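Structure record follows, encoded as structure tokens.
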Amino acid sequence: MFDKSSLIEFNDVITQFGPNRVHDGVSFKINQGEIFGLLGGSGAGKSTLLRQMIMLQTPTSGHISVLGQTLGTLSPSEIEALQLQWGVLFQFGALFSSLNVLENVSVTLKEYTKLPTEIIEDIAHTKIKMVGLPPHAAWLYPSELSGGMKKRVGLARALAMDPKLLFLDEPTSGLDPASARAFDHLIIELKYMLNLTIVMVTHDLESIEYALDRFIILHNKKVLIEGTMDEVKQLHNPVLDNFFITNK
Ligand SMILES: Nc1ncnc2c1ncn2[C@@H]1O[C@H](COP(=O)(O)OP(=O)(O)O)[C@@H](O)[C@H]1O
Ligand SMILES: [Mg+2]
């Protein structure tokens, strides 16, 4: 039923919360190696799609496959194996305020591996470096970090287990424009260095233009459009013009 070349596939997903139907037949595919955007107005159901991909929510009907597995049909061990293949940076994904950066980045490694502390620390230092933080940042506490640095620590934590897939919910929200562009740049760099596929919820127009390979726009509970920026710009759809203007 699912296309083997896609890493994530949604087929006719309906999501209903009580009387509130959020998705009414949503279908799209995410390919290996892309930075894929989930776009749409506030409340359009972007974060819900992301939470469904990582099994924090289940759609009312329809099918979702991730890394070739059909969600909702998996055994507990299959679920754990799948969960270890992705990293997530939530929109308000707080760091543990009582832990320093090194400890924050080490949390999943401590929980899911039996590696000796020394190796866990080495891995955490490497991830901290990878997200462009200086070595001394390892010893700082969240209250001592700027917004941009906190996002980078969250990213280092999401990358701790060497995931294939990275999920980011509004990663540049709350950042000043320069930090937001630097974060976009980092995401693109990491995608190439680590061979990642990245799913990103965003309404940051510059991120959309600069970082995304392809995206969907959710509108009226459905996928209005799926494509690249060039493809979408050629459509001259009034809803789209409105979408891109209201996002400016
Ligand atoms: N667990 C939930 N229970 C009830 N309603 C929810 C739940 N999660 C999301 N919703 C509703 O679904 C809609 C879409 O939410 P969300 O996916 O967070 O939107 P977006 O991320 O696009 O702003 C909103 O109306 C929200 O109130
Ligand atoms: Mg959201």
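My numbering applies: residue 135 is where the sequence shown begins, and numbers increase by one. In this text, a Cβ means the ideal position worked out from N, Cα and C, and glycines have one as well. Note that this is a predicted model, so its numbers are computed, not measured.
Taking the beta strand (DSSP E) that I351 belongs to, which residues open and close that run? Annotation for I351: the continuous beta strand (DSSP E) segment containing it runs 348-353.
By the three-class DSSP mapping on this structure, what secondary structure does M295 have? Correct three-state label for M295: coil.
For T336, which option in E252, F317, M283 has the closest C-alpha, if you only look at C-alpha atoms? With respect to the C-alpha of T336, the residue from E252, F317, M283 having the closest C-alpha is F317.
For K180, is the beta carbon positioned less than 8 Å from some heavy atom of ligand 2? In this structure, ligand 2 has a non-hydrogen atom nearer than 8 Å to the beta-carbon of K180.
With 16 other Cβ atoms within 10 Å as the buried cut-off, status of H157: Buried: at least 16 other Cβ atoms inside 10 Å.
Using DSSP bridges, identify the partner residues of R155. Answer by DSSP bridge pairing, in chain order: Q150.
Would you tell me roughly how many angstroms separate the C-alpha atoms of L205 and L309, rounded to the nearest one? Rounded to whole angstroms, L205 to L309 spans 34 Å at the Cα level.
For N165, the nearest candidate out of Y246, V200, I254, G159 (CA to CA): Of Y246, V200, I254, G159, the smallest CA-CA separation from N165 is found for V200.
If you drop the 5 nearest sequence neighbours on each side, which residues of the same chain put their C-beta closer than 8 Å to that of L203? At residue 203 the sequence reads Gln, which differs from the Leu that was named. E212, L216.
Would I332 and I321 qualify as a contact pair, given that the criterion is a beta-carbon distance under 9 Å? Against a cut-off of 9 Å, the Cβ pair of I321 and I332 comes out as a contact.
Could you name each continuous beta strand (DSSP E) segment of 3 residues or more that falls completely within the region 259-345, going from the start of the chain to the end? The region 259-345 contains these whole beta strand (DSSP E) runs: 299-303, 331-335.
Should the region 360-371 be called in touch with the region 180-191, which here means at least 3 C-beta pairs below 8 Å? Not touching, per the Cβ criterion.
Let's test the definition: count the other Cβ atoms within 10 Å of the Cβ of L369 and tell me whether it reaches 16, buried, or not, exposed. Classification for L369: exposed.
Compute the Euclidean distance between the alpha carbons of M327 and I198, then round it to the nearest angstrom. When rounded, the separation of the alpha-carbon atoms in M327 and I198 is 28 Å.
For I198, name the three-state secondary structure that DSSP assigns. DSSP places I198 in strand when its eight states are reduced to three.
Would you call the region 190-197 in contact with the region 266-274, where contact means no fewer than 3 C-beta pairs closer than 8 Å? Touching, no.
Distance cut-off 8 Å: E168 Cβ against heavy atoms of ligand 2: No, the Cβ of E168 stays beyond 8 Å of every heavy atom of ligand 2.
Quick check: is any heavy atom of ligand 2 less than 8 Å from the C-beta of D375? Remark: the C-beta of D375 is outside contact range of ligand 2, defined as less than 8 Å to any heavy atom.
Count the C-beta pairs between the region 276-291 and the region 229-239 that are closer than 8 Å, then say yes if the count reaches three, no if not. The region 276-291 makes contact with the region 229-239; the number of CB pairs closer than 8 Å reaches 3 or more.
Go to K244, then tell me how far its alpha helix (DSSP H) extends in each direction, as first and last residue. Start and end: 235-246.
What do you reckon, is the C-beta of V333 under 8 Å from a heavy atom of ligand 2? V333 Cβ: outside cutoff for every heavy atom of ligand 2.
Mapping DSSP to helix, strand and coil, what is S140? Under the three-state reduction of DSSP output, S140 falls in the strand class.
On the CB-based measure, 16 or more other CB atoms within 10 Å of its CB, does I262 come out buried or exposed? The residue in question, I262, is buried, as its Cβ has 16 or more Cβ neighbours within 10 Å.
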